[in-house]
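Numbering (full-length UniProt numbering), first residue to last: 1 to 323. Built from N, CA and C at the ideal position, the CB exists for glycine as well. Here the structure is a predicted model, which means the values were calculated and not measured. Just below is one structure, and these are the notes that go with it.
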């Protein structure tokens, strides 16, 4: 029998909170390591007698983590946690705890959504774009540069251009126009990713194992996540992908070594689907509530050992069926 699902991170953060609620609703056994409650907790992980071991102490309770059936982690680096401790001993404790937990999750023989190594492609958007193209998806025409003249030539060739961070650090997709155009020489200080603008309809696809859930975003904003900054609105509704596209999304996620992925697509007026990136730690709770609840349920079932690749199961009503 599979052990409990380990859920790690900030328990009040909505993706974790929805996963915890889903586990409780479905009766899936689970344990929660809340980063905001590490005082009074400890962890030890390593190799003993040729075997991996990991034990977590929560007050007087002792838990053998090797008995867990799967893990969902959104652990924040200890130094980036808001309202983190300032006492030197507490700081060292929290850093050790997070490092030991992450190290064990990297090698633990269980399903993990997601291991840090598997998510590293998202730390370099140009690198990940190569992997996305290798999986058969179209990607935006892009230029990574700190040369203002190269950017100007790129814009003359492609017309409307947007720019964003080339790393995994969140940034706002912004049009290159107006006052920003006049400040283009500042790019010399920071290589930036420029892309030919892709018109069309945005889709966020969440893949859990072989399950695919799709949200369509109707918005005229350049970056629908920040539509209000542009004086625009955005509407999110559950949708379904064509079966062949759903299959390719599953294959892309698996090729990156991910159990869970958030794929950003855009359907052009010509009907082509262009892929922008695959997020290895997607904030699925930010999209339509109906799809988010389905993703949370699929995630905890998948990590508990259900819906294994190739096994027959009942399909969720909102799920896009792969071909």
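| query | result |
| --- | --- |
| Exposed or buried, what is residue 69 when buried is set at 16 or more other beta-carbons lying within 10 Å of its beta-carbon? | buried |
| Where does residue 203 fall in DSSP's three states? | strand |
| Look at the Cβ atom of residue 298, then the Cβ atom of residue 183, and state whether they are nearer than 7 Å. | no |
| Report the CB separation of residue 294 from residue 18 in whole angstroms; it is logged as a contact under 8 Å. | Not a contact, Cβ separation roughly 10 Å. |
| Does the distance from the C-beta atom of residue 272 to that of residue 264 stay below 7 Å? | no |
| Per the DSSP calculation, residue 164 is bridged to which residue(s)? | 193 |
| Classify residue 6: buried if its beta carbon has 16 or more other beta carbons within 10 angstroms, exposed otherwise. | buried |
| Is DSSP giving residue 124 helix, strand or coil here? | strand |
| Quick check on residue 106: buried or exposed, where buried means 16 or more other Cβ atoms within 10 Å of its Cβ? | exposed |
| Apart from the five residues on each side of it in sequence, which residues of its chain come closer than 7 Å, Cβ to Cβ, to residue 66? | 52, 53 and 54 |
| Where does residue 288 land, buried or exposed, given buried means 16+ other C-beta within 10 angstroms? | buried |
| Please list, in chain order, all residues of the same chain as residue 239 whose beta carbon is under 6 Å from its beta carbon, the five residues on each side excluded. | 214 and 216 |
| For residue 74 and residue 16, which I take to be in contact (beta-carbon distance under 8 Å), what is that distance rounded to the nearest angstrom? | 6 Å |
| Excluding sequence positions up to five away, which residues of its chain have a Cβ less than 8 Å from the Cβ of residue 235? | 217, 218 and 219 |
| By Cβ distance, which residues of its chain are closer than 6 Å to residue 311, with the 5 residues on each side in sequence left out? | Residue confidence is low: residue 311 scores 38 on pLDDT, short of 50, so the model does not pin down where it sits. Its coordinate-derived value is still stated next. Counting only Cβ-Cβ distances below 6 Å, and skipping sequence neighbours, we find nothing. |
| Whole-angstrom Cβ separation of residue 30 and residue 20, contact assumed at under 8 Å? | 7 Å |
| Going by beta carbon distance, what residues of the same chain come within less than 6 Å of residue 104, once the five residues before and after it are set aside? | 45 and 54 |
| Quick one, which of 186, 162 and 189 has its alpha-carbon nearest residue 198's? | 162 |
| Could you give the DSSP three-state label for residue 320: helix, strand or coil? | coil |
| Taking 7 Å as the threshold (C-beta atoms), are residue 141 and residue 196 in contact? | yes |
| Between which two residues does the beta strand (DSSP E) carrying residue 46 extend? | 41–48 |
| Indicate whether the contact test is met: 3 or more Cβ pairs, each with one atom in the stretch 117–134 and one in the stretch 165–172, closer than 8 Å. | yes |
| Kindly indicate which residue of 181, 205, 229 and 137 has the alpha-carbon position closest to the one of residue 154. | 181 |
| Does residue 21 come out as helix, strand or coil in the three-state DSSP assignment? | helix |
| Residues in its own chain within less than 8 Å of residue 188 by CB, not counting five upstream and five downstream? | 146, 147 and 148 |
| Alpha carbons only, please: which of 318, 319, 321 and 306 is nearest the one belonging to residue 4? | 306 |
| Using the beta-carbon count (16 or more within 10 Å), is residue 176 buried or exposed? | buried |
| Where does residue 216 fall in DSSP's three states? | strand |
| Is the beta carbon of residue 24 closer than 7 Å to that of residue 113? | no |
| So, is residue 92 buried or exposed, given that buried needs 16 or more other C-beta atoms within 10 angstroms? | exposed |
| Per DSSP, what kind of secondary structure is residue 172 in: helix, strand or coil? | coil |
| Excluding sequence positions up to five away, which residues of its chain have a Cβ less than 7 Å from the Cβ of residue 281? | 74, 114 and 119 |
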